[in-house]
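The structure appears below as structure tokens.
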Amino acid sequence: MDSTLQEKFWNSNFGKEYTDRNKWNSDEEWDKIYCDTWGITKLEINNKVLKDLSRDIKILEVGCNYGAQLRGLQRMGFKNLYGVELQDYAVEESKKAFAGLNIISASGFDLPFKDKFFDLVCTNGVLIHISPDSHYSFMKEIYRCSCKYIMGWEYYSDVVEELNYRNNQGYMWKADFAGIYQNYFFDLKIKEKHFIKYLSNNNVDAIFLLEK
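Residue numbers (the numbering used here): 537 to 748.
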């Protein structure tokens with residue numbers, strides 16, 4: 537399929553600036569960002585939904601940028617970690633930053649993997665940047681590549697709500713993404729779902745684990 541407006545946006549200099557702005561110098565710095573924002577590390581947030589899963593499962597993150605979230609999973613003991621990222625620049629930066637991660641350039645709308653290739657497919661702050669009219673096209677690839685679990689960590693709202701994103705319109709939404717998955721794919725059941733409130737305001741993120 538042709539690139540969406542949002543993909544073109546992230547493949548522009550804006551995406552490169554995002555990557556540079558969000559690169560952390562150490563695991564400790566990354567942990568501090570989460571503690572300052574949510575009062576809890578991302579590893580502790582992940583553990584709410586991943587605590588019972590084998591560390592040997594095969595995981596794919598869609599829209600992984602330069603791999604910080606995959607590094608978090610690596611620190612939790614997960615071994616088989618893969619990522620796809622639209623931005624070539626971010627993929628190259630991942631090679632400099634981390635070892636043991638398998639990250640390639642690809643679109644989330646056309647994942648280069650066989651059906652049910654992964655035990656778990658996840659997103660971290662990526663669905664919020666997919667236009668609502670493209671939700672199905674994006675989610676069906678995630679659903680197709682997962683044989684068991686789908687995980688998300690996304691900005692939450694009961695209804696789909698567009699937000700201003702760094703003075704740009706048409707590039708960020710919050711929603712109940714777990715519910716949207718279930719509306720499209722009737723066999724998905726919520727195994728875990730937790731809400732994490734921001735410390736400085738009333739906004740909420742949700743982390744969820746769906747099971748086929």
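Backbone N, C-alpha and C define an ideal beta-carbon position, used for all residues, glycine too.
Note that the structure is predicted; figures quoted are calculated from it, not measured.
Taking C-beta to C-beta, are residue i and residue j nearer than 8 Å?
i: D588; j: N616; result: no
i: W566; j: A604; result: yes
i: Q745; j: L724; result: As written in the sequence, residue 745 is Leu, which differs from the Gln given in the question. It is not a contact, given that the beta carbons lie outside the stated cut-off.
i: Q623; j: T540; result: no
i: K584; j: I743; result: yes
i: G636; j: V620; result: no
i: C681; j: D655; result: no
i: F674; j: E690; result: no
i: E597; j: L606; result: yes
i: L735; j: G613; result: no
i: I678; j: I666; result: no
Using DSSP with H/G/I as helix, E/B as strand and the rest coil, what is residue i?
i: M675; result: helix
i: Y626; result: According to the sequence provided, residue 626 is Ala. The question's Tyr does not apply to it. Looking at A626 - three-state DSSP - the assignment turns out to be helix.
i: V585; result: helix
i: K552; result: helix
i: L746; result: strand
i: I639; result: strand
Bridge partners for residue i per DSSP, in chain order?
i: K615; result: According to DSSP, K615 bridges with nothing at all.
i: N660; result: W689
i: F654; result: S682
i: K482; result: The first residue shown for the chain is 537 and the last is 748, placing residue 482 beyond what the model contains.
i: I732; result: D741
i: E543; result: Beta-bridge pairing links E543 to no other residue.
- Task: Identify every run of the alpha helix (DSSP H) within the segment 679 to 723, keeping only runs that are complete inside it and at least 4 residues long; order them along the chain.
- Result: 713 to 720
**Item:** Complete alpha helix (DSSP H) runs within the segment 558 to 611 (minimum length 4 residues, chain order)
**Value:** 563 to 574, 578 to 586, 604 to 611
Are three or more beta carbon pairs between the segment 650 to 660 and the segment 693 to 709 nearer than 8 Å?
no
Evaluate the contact criterion for the segment 702 to 710 versus the segment 564 to 580: three or more CB pairs, one atom per stretch, below 8 Å. no
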